[in-house]
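Shown next, in structure tokens, is the structure this report addresses.
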């Protein structure tokens, strides 16, 4: 049994809290909103997870000190764009907790992966990243899946594997934190593209081609940035890509559907009502492709659709009529 702090009361933070609490751990969740904390504490519900019931051994607070004090493990589950500013607010209360990154994305201003942000703000901490195919809606009600804890620290790998592992959640370990982080961030962009294909009423052939060529782009950038190829073809890359591109639980896919149907970015955000990591991270992926000189035509084209008013149907034509080449 551990005392665990979860920073973020969105669907994934609460789903992880439910899983850990059911295994007998004491869980404290920090929420930005008092109304979300009240709902969790008083009604044992999460507005993002209507089928889930919050166990009694979870408490939710808007006070960082209360959420972190006396814990041994701290999970960061805030939207990627808020990770640094949130850490700045709570790091005074961090002692020797293991820091586990459960968010997926980049920091736009620095082009950092989230582990780089955490390492900069919490130097000398023991850091890991938890990732893989894991819709919160399913994890919160005990539908089986498998995840990876990636870290350079053996103690973190052992601790997280032992703490999270159950008959519904299998945990693998990896030393490739960079590759795991990149897979989790980049697959959201391709899920957005998969949604756009659906919104444009294109077919299964188009969908399969997108996933395959998109995975190639993920692999090329990851290797250039120091990740391992096997990680991109594992749970944190291909596994997460499949589930995010195919499921209606995916906010990124739903956003792509709306854009494909002709909605604006703001209309898509308003309709979905939660953070859409793909839209927040497409600019960063585009800049990383330039920085590392990696050819990423899918990323570049979706960037043009979102930020240069490029028509989605024209985007498909542009991708299909690129110069002939060998498959790589």
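In this note's numbering, the protein residues as written are 1183 to 1510.
Ideal Cβ placement from N, Cα and C applies to all residues, glycine included.
Are residue i and residue j closer than 8 angstroms when you measure CB to CB?
i, j, result
"residue 1329", "residue 1417", "yes"
"residue 1360", "residue 1419", "no"
"residue 1395", "residue 1269", "no"
"residue 1400", "residue 1379", "no"
"residue 1205", "residue 1257", "no"
"residue 1438", "residue 1381", "yes"
"residue 1300", "residue 1236", "no"
"residue 1470", "residue 1351", "no"
"residue 1189", "residue 1209", "no"
"residue 1318", "residue 1202", "no"
"residue 1200", "residue 1322", "yes"
"residue 1442", "residue 1506", "no"
"residue 1262", "residue 1453", "no"
What's the call for residue i, buried or exposed, on a 16-neighbour Cβ count within 10 Å?
i, result
"residue 1509", "exposed"
"residue 1215", "exposed"
"residue 1446", "exposed"
"residue 1504", "exposed"
"residue 1489", "exposed"
"residue 1289", "buried"
"residue 1358", "buried"
"residue 1233", "exposed"
"residue 1457", "buried"
"residue 1450", "buried"
"residue 1316", "buried"
"residue 1143", "There is simply no residue 1143 to check, as the chain begins at 1183 and stops at 1510 in what is shown."
"residue 1409", "buried"
"residue 1491", "exposed"
"residue 1291", "exposed"
Enumerate in chain order the residues of its own chain whose CB-to-CB distance from residue i is below 6 angstroms, with the five nearest sequence positions on each side excluded.
i, result
"residue 1497", "1483, 1487"
"residue 1213", "1191, 1219, 1242, 1244"
"residue 1227", "1221"
"residue 1462", "1263"
"residue 1207", "1183, 1184, 1186"
"residue 1335", "1308"
Would you grab the beta carbon distance between residue i and residue j for me? Rounded to a whole angstrom, and I think it's under 8 angstroms.
i, j, result
"residue 1430", "residue 1373", "Rounded, the Cβ-Cβ distance is 11 angstroms, inconsistent with contact."
"residue 1339", "residue 1327", "Contact doesn't hold; Cβ gap of about 19 angstroms is too wide."
"residue 1185", "residue 1253", "5 angstroms"
"residue 1371", "residue 1464", "6 angstroms"
"residue 1194", "residue 1259", "5 angstroms"
"residue 1247", "residue 1281", "Actually they do not touch by this definition, with Cβ atoms about 17 angstroms apart."
"residue 1478", "residue 1345", "No, residue 1478 and residue 1345 are not in contact; Cβ-Cβ is about 36 angstroms, not under 8 angstroms."
"residue 1364", "residue 1403", "7 angstroms"
Helix, strand or coil for residue i? Go by DSSP, reduced to three states.
i, result
"residue 1333", "strand"
"residue 1381", "helix"
"residue 1294", "strand"
"residue 1495", "helix"
"residue 1340", "helix"
"residue 1474", "coil"
"residue 1508", "coil"
"residue 1501", "helix"
"residue 1254", "coil"
"residue 1351", "strand"
"residue 1231", "strand"
"residue 1481", "helix"
"residue 1242", "strand"
"residue 1392", "helix"
"residue 1276", "coil"
"residue 1490", "coil"
"residue 1457", "coil"
"residue 1209", "strand"
Given residue i, which residues of its chain have a CB within under 7 angstroms of its CB, disregarding the five upstream and five downstream residues?
i, result
"residue 1362", "1311, 1313, 1330, 1332, 1356, 1413, 1418"
"residue 1366", "1286, 1313, 1418, 1422"
"residue 1273", "1303, 1304"
"residue 1406", "1474, 1476"
"residue 1387", "none"
"residue 1284", "1194, 1198, 1257, 1258, 1259, 1312"
"residue 1217", "none"
"residue 1348", "1205"
"residue 1275", "1246, 1247, 1250, 1251"
"residue 1343", "1331, 1353, 1355"
Could you pull out every residue in the same chain whose Cβ sits closer than 8 angstroms to the Cβ of residue i, ignoring the five residues on either side in sequence?
i, result
"residue 1393", "1372, 1376, 1423, 1424, 1427"
"residue 1320", "1327, 1431"
"residue 1501", "1479, 1480, 1483"
"residue 1271", "1246"
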